[in-house]
Amino acid sequence: MSIYTHVTVGTNDLNKAREFYDVVLAKLGYGRITDLGENGSIWGEDKPSFFVLKPANGQPASVGNGVTVSFTAPNRKAVEEFHAAALALGGKDEGQPGPRGWAENAYASYARDLDGNKLAVYCFSAE
Numbered sequence: 009m010s011i012y013t014h015v016t017v018g019t020n021d022l023n024k025a026r027e028f029y030d031v032v033l034a035k036l037g038y039g040r041i042t043d044l045g046e047n048g049s050i051w052g053e054d055k056p057s058f059f060v061l062k063p064a065n066g067q068p069a070s071v072g073n074g075v076t077v078s079f080t081a082p083n084r085k086a087v088e089e090f091h092a093a094a095l096a097l098g099g100k101d102e103g104q105p106g107p108r109g110w111a112e113n114a115y116a117s118y119a120r121d122l123d124g125n126k127l128a129v130y131c132f133s134a135e
């Protein structure tokens, strides 16, 4: 069982966020499950897991300092494809694909989305 029901990040440009996440999350096997009109969209595999929303209070979305949303990748190639797609779509590099020494077989990459939200993708399988 998962420790959370879903994770949400904010956006100031929903259409660009939809385009970005449709591509990068597809690299991990996740797809858009539904749109919430002009308020946001939801992605996942078999249930809603990742929400991108305009803030409910009407204020601009901002980035949480120290917050990272980390996705599970099916393999190391998907880690690399996610990172490449994020950068190609205008995201910022926050850590090239490669081994991470804090856990056995940890292989990851980091990027920021178009709103500055920090994203990671991890695979814990051996090559």
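Using the numbering used here, the first residue of the sequence shown is number 9, and each one after it goes up by one.
Quick reminder that beta carbons are idealized off the backbone N, C-alpha and C, glycines included.
As the structure is a computational prediction, the values presented were derived from the model and not from experiment.
Buried or exposed: which applies to TRP110, given that a residue is buried once 16 or more other Cβ atoms fall within 10 Å of its Cβ?
Taking a 10 Å sphere around the C-beta of TRP110, we find fewer than 16 other C-beta atoms and assign the residue as exposed.
Output the distance between the C-alpha atoms of ARG84 and LEU33, rounded to the nearest integer angstrom.
14 Å
Among ARG120, GLU135, LEU127, the one whose alpha carbon lies nearest that of GLU112:
GLU135
N- and C-terminal bounds of the beta strand (DSSP E) containing ALA116:
115-120
So, helix, strand or coil for PHE28, using DSSP?
When DSSP states are grouped into helix, strand and coil, PHE28 belongs to the helix group.
Cβ separation of ASN20 and ALA69, assumed to be a contact under 8 Å, to the nearest whole Å:
5 Å
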